[in-house]
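I have placed the structure first, in the form of structure tokens, so that the comments after it can refer back to it.
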Amino acid sequence: MRKMSIPGLIIIALIVAAFLIGIFVFGPESNNVEELEGVEVREYEGQNLSSINDFRENSIKGPQYVDIEDYQLQVTGLAEKPANFTYDEVIDDFDNYKKVVRLNCVEGWAVNILWEGILVRDILEKVTPMPEANTIIFHAYDGYTTSFSLDYVLNNDIIIAHKMNDVALPPERGFPFQLVAESKWGYKWIKWITQIELSDNADYEGYWESRGYSNEGNLNKSFFD
Ligand SMILES: Nc1nc2c(c(=O)[nH]1)N[C@H]1C(S)=C(S)[C@@H](COP(=O)(O)O)O[C@H]1N2
Ligand SMILES: [Mo]
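The numbering of the sequence shown is our numbering, which starts it at 0 and goes up by one.
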């Protein structure tokens, strides 16, 4: 091979340098990358999160597909000012909160998820529960129901979630809203919520509760009464 002259080597070196600078300046790394929704986070403040695909789908009627154009979250029953909210109103008109909470199903599996949503307490504040209301009954698109003492949602930071791991709930995970029933068994975590009913029936039994599962459904106790 012919020996290259010094100027020739300098020119080649400059071309290589210009190419590398080009990659650095105009390459993908330096573009202003906008994060699009759709990629779930798997780690949050040092905690590992489960994937939104780690759930087992065993809902009573399978996944529900809610048409969000027609959707209204209804707040009914013993309220001074019963109200309906669209999906956007729920998300935009209330403060949003994030929290990592583990869901434990009675079947023995569990998922640790970063939930984002709004406080049930804040919704109740808008409708003003009547003094006789002592129970809150959640209704879902598939006919599923579950209930809690009013104290449980007023005295804890209980949220209805519209996001998990930073992505909107997929249909099979309860879109538009799933209750994050912290410290309660999975069957209290109602998905596809359509209605929040204020009641004075402390003995109300939801879908699994009326089939023998504990009404309180506390994680630290047996799920059978
Ligand atoms: N509407 C509705 N919500 C529901 C259920 C259901 O069948 N219908 N199943 C419950 C149960 S038993 C569990 S463990 C959790 C999580 O269920 P997934 O894994 O099917 O999302 O959702 C709960 N919420
Ligand atoms: Mo469950």
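Ideal placement from N, C-alpha and C gives every residue a C-beta, glycine not left out.
R172 classed as buried or exposed, judged by whether at least 16 other C-beta atoms fall within 10 angstroms: buried
field: Rounded distance between the beta-carbons of T85 and Y70, thought under 8 Å
entry: 7 Å
- prompt: With 16 as the cutoff for other CB atoms within 10 Å, does P27 come out buried or exposed?
  reply: In this predicted model, P27 has a pLDDT of only 47, less than 50, meaning its place in the structure is not dependable; the value taken from the coordinates is given anyway. With fewer than 16 Cβ atoms within 10 Å of its Cβ, P27 is classed as exposed.
query: With 16 as the cutoff for other CB atoms within 10 Å, does N164 come out buried or exposed?
result: buried
field: G185 CB to nearest heavy atom of ligand 2 below 7 Å
entry: yes
Residue closest to R120, alpha-carbon to alpha-carbon, out of D94, W114, N103 and C104: D94
field: Length of the line joining the Cα atoms of D53 and S182
entry: 20 Å
task: May I ask you to list the residues that DSSP assigns as paired with T145?
output: F137
message: Quick check: S198 and I136, are their CB atoms within less than 8 Å of each other?
response: yes
- request: Just the C-alpha distance for S29 and V40, rounded to the nearest angstrom, thanks.
  value: Note that S29 scores a pLDDT of 48, beneath 50, so its modelled location is shaky; the value from the coordinates is reported in the next line. Taking the straight line joining both Cα atoms gives about 23 Å.
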